Amino acid sequence: MTNNDVTNNNTAKNDTASTDVTDSPTDDGLGSRISHTVHTVANVVEYLRFGGLDTGEEPSPYDVMLRTPLVTLRRYFTAETRTSPDRDPVLLVPPLMLSADVWDVSPSTSAVAHLHNSGMDPWVVDFGDPAAEPNGLQRNVTDHVLAVSDAIDAVRRTVGRDVHIGGYSQGGLFCYQAAALRRTESIASIFALGSPMEPLSLPGLDLPEEIFSAISKLGIGVLSRTGLPGWASANLFSWTSPIATAKQRLQYLMALGDRDALLPRERQRRFLSNEGWIAFPGPAIAEVMESMTNDRFVRGGLVFDGRAVTMADITCPVLIFTGQYDAFAPPRAVRDVVKGLPHTEVWECTMPTGHFGLGVGSRANRETWPTVARWVGWIGGRNERPENLADAREVGLVEREPEGGGTVRQLLNAGTEGMLAAPGLARDVVGRATGALAEVTTEAVNQVPRLLRLERVRGSTTVSYGGLLAEAYDRDPTAVCLLYRGRAHTRADVAREVDDLVLRLLWVGVRRGEHVGVLVDSGAVLLWTAAALSRIGAVAVLLRPGSDIAAELRIGRARRVLVDASHLDEVRKAGVRTHVIGGSGSSEKSGTAEKPSTAEKSSTAEKSSTAEDLDSIDASAVRTPDWYRPNPGRGRDLGFVLFGDGPDGIRSIPVTNRRWALSAYGAASAAALTESDTVYSANALYHASGLLLATAAPVAVGARVALTDSFDPQTFWSDVRHYGATVVPYTWSMLRLLLDQPPGPDEAYHPVRLFIGSGIPTTVWRDALERFAPAQILEMFVPVRTDAILANVSGRKIGSIGRPLPGTARVELAAIDPDTGELRCDGEGYVRKAKRGDRGRLLVEVDRGHPYADDVPMRGVFDAHDAWVDTGEDFTVDAEGDFWPGGRSSDTITTQAGPLRPREVEDALARVPGVAAVAVITERRKVLAAIATKAGEVFDSGRARLVLEGVSDAAGRVEIVEVEAIPLTRWYRPDVPALRRLVTRAEQTV
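Position in the sequence shown (from 1) plus 32 gives the number in the working numbering.
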């Protein structure tokens, strides 16, 4: 069907409008003045009745080539195009608030007509008016992106050639998204007119960030349910420039007597003032704002149809159009697309016009469409590159100016956050402002509500992993919370998995307080298994693959274990009740777990002849026992048991719900996490950094977490782009592996703003800050079996672990003997406190009723009724109260020249130019410092010797050995046995 078959809706107007009133009046005589008045009155009547003047112009002809509930695909000038098969297909995509006729407003400004006359084959995506389409107001962005992708397929099938796709404003974003989803398949190039990477600017509006965010969330919350009518969209743009709009309308009314002067622009005026605007679906509004305000276009982590998508997958050439006077999509915001396109060329055409002038009007007719035609020809190899294009990367990026940091703005932001956080919290913020604000840095001022909640977590507080997941679900069940193996899972998906697993666990008899071992490879399965156990009130004993499973089960007091098929053999000899998890079942039905193959099922059945398959249980038939209450855990209850390796073998690391919550709120506050962040966990969840940093902190604020099965430095930046990771936890020297990789395109303009973890060597810290800027390093220290958390929030002092976070356990430095490391006491037997600048032992205050026998605290330390745990870690405190690590007291080496502390030697040598890594070991009664140098740099051993001599006599006698690299354990600590072998080989070659 062609648009020529539709009855012309201008017939009624033609009946009213006189064809004689177009003569220009003269000033001669009364008759001319009367004629002018008559003409004016006739034009006014036509304007009032029809909203404008009839121009008698006809739209360009087109055929409908595809019709679905979401899209109508138009092909213009079909009859002529079919006779010219060599024409390049160009697919145009309109923004949501404007109708598809934006590409054919009038014959004189028609984009499709100009492209056709330039030898192109123009196609147009028509989403229709959502207000007039069935369920149109329920459409989301995914619907539109998939529709554009379908249109690309239809054009490709019809013409047999790759398609050039282009869009105006949000239509350009749809082009980017569809190309990313398709990984550029069947796409020759992309051009975008005024398509910003952030929400459209509202000129003249300047509010504090958090207040603007709160207003936006409130408005979006309403609009996501109601949508935005077409008339409201038109007025929204008019209201941003009320004086200019009023002036234009007045000038138009004053000129109604001169029809000839008005007609050339009449179709364009009517289109932009009213007729071209259509409804904006509510769900699409919410999704667009979420992606834009969280910078997901640039960062990555876009989600379509359950798939995680990144614009970094776009590889075809891209052309952006920017308007010098565009107040809605400033050139800076449009040009930011460069950050999200590391693998393709990005060219820019700058025009002296505003937002609408880029795609509609005489300026577009003179510059935009001729440029597009030459662009398409250049991509096809038929002509030279258009002269008015510049490399967008060479034009340069302009960062957004930071918000003002004044006290009033900060207090307004903090107060707004408080009011959003919980009822009555704003009152606490005001009451504690003079104290809490003084304890945290400017960067963390917006985290005051979380710090207050952190302080409220007590032993009797009802808090648990399962409980915080349930709170997040109640806030927004549709929000994406987990990214894993390329798939995106919402809070509703995770809640469904957890609830289903809870029923299965109850069926096999898991009870509150029971210790249950967990051994699985899948990060997602491990996550919701731990959550399900937490929801019941059981203790998750997180076993380590490849470790002594029987010993860990015994130490963790677990009498049953949940295991996947790949680890059945490891637990068979442990003699505990075994349940197989992670196969088919509800996970398969919900689409959140991978379906096992027939071979896998057969293998599992053979291995699990003595194990119970949880997936075979019909969860819908399970009746919950009367004692079951979801999320009963309190702060004092044990929530997890982790494991580590110590001098005496495997040691357990008990984690109470209170400690887990303190880690959640403490890390979230120190890192200033928000819902817009994505935390990329490169460490397994059975490691403390994986459990406490990668899962606890994101759950506390509703941020996303992206899981990977293993850390691969070669694919790290690609994964970061794919998921849009902004915060990356690390352990020890993990970042050194990234520094050893050559810089690649994915690393440029990367989205990571913060690396957070503990144990980072100072050499790695400095190098990472320089290379990965503007990302910052947040070093933390969380003593084992305590509720203390120290964090270097400002990051200004490289090597320091900062200060205790407000709300966490109290710490003190006890004075120690410099030679023996023993605690020093005063005349009354109490332990002395170390002076500022002196080395001391870190003690952490604990509740007097501390429940664990293996953590018996010292009592009567500083007064008769206190209780403290000795961490075994030595520190110094500088004049500003920041803690500096000195290493474990037990690591001190006794030499003939006196005690030698390896940490002092390592820190000293780390300052020598060329040193990449250093580790101190003992070998055959000698103390050796193994040095690995940076690529292309020379290590000055003489300077290093002078540095050591300046530390102490014992340090001056340390032998220096150069090695190719410092081998690391799976947790990125120096692998001492492997390092000793390297040192031996190095000494033999000298």
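Glycine residues also receive a C-beta, built at the ideal position from the N, C-alpha and C atoms.
All values derive from a computational prediction rather than experimental measurement.
| Query | Result |
| --- | --- |
| Taking DSSP as the reference, what is the three-state secondary structure of T354? | strand |
| Taking the alpha carbon of W749 as the point to measure from, which residue in G681, H782, E938, D895 has its own alpha carbon closest? | H782 |
| Using the rule of at least 16 other Cβ atoms within 10 Å of the residue's Cβ for burial, across every protein chain shown, is S181 buried or exposed? | buried |
| From R543 to I953, what distance separates their C-alpha atoms? | 47 Å |
| Measuring CA to CA, which of V759, D423, S832, A732 is closest to G791? | S832 |
| Do you know offhand how far R1017's Cα is from A757's? | 41 Å |
| Taking the beta carbon of Q202 as the centre, do at least 16 other beta carbons fall within 10 Å, making it buried, or is it exposed? | buried |
| What span of residues does the alpha helix (DSSP H) with E322 cover, start to end? | 314-325 |
| Going by CA-CA distance only, name the one from G393, T376, H375 that's closest to M383. | G393 |
| Could you compute how far the alpha carbon of Y516 sits from the alpha carbon of G332? | 14 Å |
| Is the Cβ-Cβ distance between A424 and R367 less than 7 Å? | yes |
| Measuring only between beta-carbons, confirm whether A728 sits less than 7 Å from chain B. | The displayed structure is made up of one protein chain only, and chain B is not part of it. |
| Where A846 and F907 are concerned, what is the direct C-alpha to C-alpha distance, given to the nearest angstrom? | 10 Å |
| Nearest-angstrom Cα distance between A942 and G734? | 38 Å |
| Is F748 helix, strand or coil when you go by DSSP? | helix |
| My assumption, with CB atoms under 8 Å, is that A823 sits in contact with A704. Please give the rounded CB distance. | With a Cβ gap of about 11 Å, A823 and A704 do not count as contacting. |
| Which whole-angstrom value describes the C-beta separation of G919 and P931, a residue pair presumed to lie in contact below a C-beta threshold of 8 Å? | No, G919 and P931 are not in contact; Cβ-Cβ is about 11 Å, not under 8 Å. |
| Out of curiosity, what's the CA-to-CA distance linking V5 and A940? | Residue 5 falls outside the range modelled here, since the chain spans only 33 to 1022, and no answer is possible. |
| Using only the alpha-carbon positions, how far apart do V608 and A693 sit? | 30 Å |
| With DSSP run on the structure shown, which of helix, strand or coil describes E969? | coil |
| I need the straight-line Cα distance from R528 to G499, nearest angstrom please. | 14 Å |
| For L538, which residues from the same chain have a beta carbon less than 8 Å from its beta carbon, with the 5 sequence-adjacent residues on both sides left out? | I568, V654, T656, P657, Y660 |
| Whose C-alpha, out of A780, L225, S765, K958, is nearest the C-alpha of V950? | S765 |
| If we require 3 or more residues per run, which beta strand (DSSP E) segments fall completely within the stretch 901-961? | 915-920, 925-927, 930-932, 947-955 |
| Using only the alpha-carbon positions, how far apart do P127 and D120 sit? | 23 Å |
| Tell me which residue opens and which closes the beta strand (DSSP E) that R99 is part of. | 94-99 |
| Inspect the CB distances between the stretch 205-215 and the stretch 343-355 and report whether three or more fall short of 8 Å. | yes |
| Do you know how far the Cα of V731 is from the Cα of A997? | 37 Å |
| Just to confirm, is the Cβ distance from V843 to A820 under 7 Å? | yes |
| Using DSSP with H/G/I as helix, E/B as strand and the rest coil, what is I992? | strand |
| One question on the structure: do I184 and V191 come within less than 7 Å of each other, judged by their Cβ atoms? | no |
| Out of L767, H148, I197, W155, state which residue places its alpha-carbon closest to the alpha-carbon of V96. | W155 |
| Name, in chain order, the residues that DSSP records as bridge partners for P1006. | L1000 |
| Are there three or more Cβ pairs, one per stretch, closer than 8 Å when the stretch 100-112 is compared with the stretch 134-149? | yes |
| What would DSSP say about C857, mapped onto helix, strand or coil? | strand |
| As an exercise, report each continuous beta strand (DSSP E) stretch of at least 3 residues that is fully enclosed by the stretch 128-202, in chain order. | 152-158, 195-200 |
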